[in-house]
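>
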Amino acid sequence: MAATRNIKCVVVGDGAVGKTCLLISYTTNAFPGEYVPTVFDNYSSQVVVDGMTVSLGLWDTAGQEDYDRLRPLSYPQTDVFLLCFSLVSLASFENVRTKWWPEIQHHSPGTPIILVGTKLDLRDNPAQIARMRERRQEPISYAQGSATAKEIQAARYLECSALTQYQLKNVFDEAIRTVLNPNRRAGKAKKGNGCVLM
Numbered sequence: 001m002a003a004t005r006n007i008k009c010v011v012v013g014d015g016a017v018g019k020t021c022l023l024i025s026y027t028t029n030a031f032p033g034e035y036v037p038t039v040f041d042n043y044s045s046q047v048v049v050d051g052m053t054v055s056l057g058l059w060d061t062a063g064q065e066d067y068d069r070l071r072p073l074s075y076p077q078t079d080v081f082l083l084c085f086s087l088v089s090l091a092s093f094e095n096v097r098t099k100w101w102p103e104i105q106h107h108s109p110g111t112p113i114i115l116v117g118t119k120l121d122l123r124d125n126p127a128q129i130a131r132m133r134e135r136r137q138e139p140i141s142y143a144q145g146s147a148t149a150k151e152i153q154a155a156r157y158l159e160c161s162a163l164t165q166y167q168l169k170n171v172f173d174e175a176i177r178t179v180l181n182p183n184r185r186a187g188k189a190k191k192g193n194g195c196v197l198m
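Residue numbers for the sequence shown follow full-length UniProt numbering, beginning at 1 and rising by one.
The following block contains the structure:
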């Protein structure tokens, strides 16, 4: 019997993009109630993906600038980063390129990144769209997220909702697959590539 593989997954992104809710919703199968802590306690569980059992260690980080010097202490030995932004926050999306990707590259070069658009349930919410339009903004589209993922050489681009749990499990399954199957990284296994050279 093969030994269980340990995978360290660190979640980064601006404050208030839903990182902690993402983790709580995934680990408890329920969206958190009123109180959401700034940082979720590190969590480890046995997960089976594609028939392989892994010990998935989840590490939350605080996105606020006050934690800029402390946060990188979580980065050593990271196997995969979930770089999160809110699909209804242009600033958090812009910070993917200007803050988070450079920070990850500086502290953990070569570590795979899954770019994750959070709050998918709000992208089509009429009240949310109206609030954004008052500021002359629109929700981030799938095409925009996908283009940024390509630009930062992310292994994957995914969108999910911690509130409804839509595609939530898939985010973590894909993070695990990215570590277990490094050849899939950076678009090497994109659909539509029908040519195989042997």
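All C-beta atoms in this analysis are idealised placements derived from N, C-alpha and C, irrespective of residue type, glycine included.
Do ALA62 and GLY15 come within 8 Å of each other at the CB atom, strictly closer than that value?
Here residue 15 is taken as the residue at index 15 of the sequence shown, counted from 1. Here residue 62 is taken as the residue at index 62 of the sequence shown, counted from 1. For GLY15 and ALA62, yes; Cβs fall inside 8 Å.
> Can you pull the DSSP bridge partners for GLU159?
Working through the sequence shown from its first residue, we reach residue 159 at position 159. GLY117.
> What does the alpha-carbon distance come out to for the pair LEU83 and ARG131?
Position 83 of the sequence shown, counted from the start, is the residue given in the question as residue 83. Position 131 of the sequence shown, counted from the start, is the residue given in the question as residue 131. Between LEU83 and ARG131, the C-alpha separation is close to 25 Å.
> Residues in the same chain with beta-carbon distance under 6 Å from LEU180, minus the five sequence neighbours each way, listed in chain order, please.
In the sequence shown, counting from the first residue as 1, residue 180 sits at position 180. Excluding sequence neighbours, LEU180 sits near nothing in its chain.
> Per DSSP, ILE24 is paired with what?
In the sequence shown, residue 24 corresponds to position 24, counting from 1. Bridge partners of ILE24: none, in fact.
> Looking at the secondary structure, which residues open and close the beta strand (DSSP E) in which LEU58 lies?
Here residue 58 refers to the residue found at position 58 of the sequence shown. Unbroken beta strand (DSSP E) run through LEU58: 52-60.
> Taking all protein chains shown into account, decide if SER92 is buried (16 or more other Cβ within 10 angstroms of its Cβ) or exposed.
Along the sequence shown, read from residue 1 onward, the residue named residue 92 stands at position 92. Burial call: buried.
> Counting only the same chain and skipping the five closest in sequence on each side, list residues whose C-beta sits under 8 Å from that of ILE104.
Taking the sequence shown and counting its residues from 1, the one referred to as residue 104 is at position 104. Within the same chain, ILE104 has close Cβ partners VAL12, TYR75, PHE81, LEU83, THR111 and ILE113.
> Quick one: is LYS150 near chain B, going by C-beta distance under 8 Å?
Protein chain content of the structure displayed is limited to a single chain, and chain B is not contained in it.
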